[in-house]
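K.L.:
Quick one: this structure, given as structure tokens, is what I'll be asking you about.
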Ligand SMILES: [Zn+2]
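In our numbering, the protein residues as written are 3 to 258.
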């Protein structure tokens, strides 16, 4: 009996706790922010939602902001027009599983096939473009995800989270918290649906109201809002430029 309990605890630590520490605390194998000097990236999870996503897309369009949507495959199947609109308006579409279930309950190969690849197939069928970014529900990965998913997808977490899934957090509070926490390179996670476990159905209304004021404010600060791939490309470009300058200065011909 005790042997079984000890074995279960070992499996729990190995399969769930170790990847949590590696990714959420040490940042290994995941992207949580960029190093851009003037750019940030807004990301929206748990949609598309027939009520809130169109309103959010209108707001982003008014402010000429491009963002990244981590969508659920099941909802993408239900609302393909919203996925098409995101794609047509220049936003990036990433994967947030087929249903909002934690990866800890699956074997890694089952998770990849039933949740991640299945959603990538759905988005590709709708837009003609296969997603390359993945964000697990609640940011929780199992040990195998770090091997099985990283071969095909870039795993993106976040550097700014403000509890926008709770209706008790007002639009004014959201605005204040986002403006206090964002820095150049920030990846901000928000939610354009309130029907996932632990969220309040009406919460995205406060998020959209607060975000409108945030967008006005950050544009005055000169910060630009990019998709996650653009934010990371800029970082790669900046590092490349620094390395080229270093090569010119030192006369180095070494390639990186
Ligand atoms: Zn989520």
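All C-beta atoms in this analysis are idealised placements derived from N, C-alpha and C, irrespective of residue type, glycine included.
#1: Do the CB positions of residue 142 and residue 105 come within less than 7 Å of each other?
#2: Which residues bound the alpha helix (DSSP H) around residue 43?
#3: Quick one: what does DSSP say residue 65 is sitting in, helix, strand or coil?
#4: Can you pull the DSSP bridge partners for residue 191?
#5: What separation, rounded to the nearest whole angstrom, lies between the Cα atoms of residue 101 and residue 138?
#6: Rounded to the nearest angstrom, how far is the Cβ of residue 68 from that of residue 213, given a contact under 8 Å?
#7: Under three-state DSSP, which class holds residue 267?
#8: Check whether the Cβ of residue 194 sits closer than 6 Å to any heavy atom of ligand 1, and report yes or no.
#9: So what's residue 72 in DSSP terms, helix, strand or just coil?
#10: Find out if the Cβ-Cβ distance for the pair residue 174, residue 205 is shorter than 7 Å.
#11: Helix or strand or just coil, what does DSSP make of residue 249?
#12: Using 10 angstroms around the beta-carbon of residue 11, count the other beta-carbons present and answer buried if the total reaches 16, otherwise exposed.
#13: Report yes if the C-beta distance between residue 209 and residue 166 is below 7 Å; otherwise report no.
P.N.:
Quick answer:
#1: yes
#2: Run containing residue 43: none in the alpha helix (DSSP H); it sits in the beta strand (DSSP E), 41-47.
#3: coil
#4: 45 and 163
#5: 10 Å
#6: The pair is not a contact, with the Cβ atoms about 14 Å apart (cut-off 8 Å).
#7: Missing from the structure shown is residue 267; the chain here goes from 3 to 258 and no further.
#8: no
#9: strand
#10: no
#11: The pLDDT assigned to residue 249 is 44, lower than 50, so where the model puts this residue is not dependable, and the model offers no usable value.
#12: exposed
#13: yes
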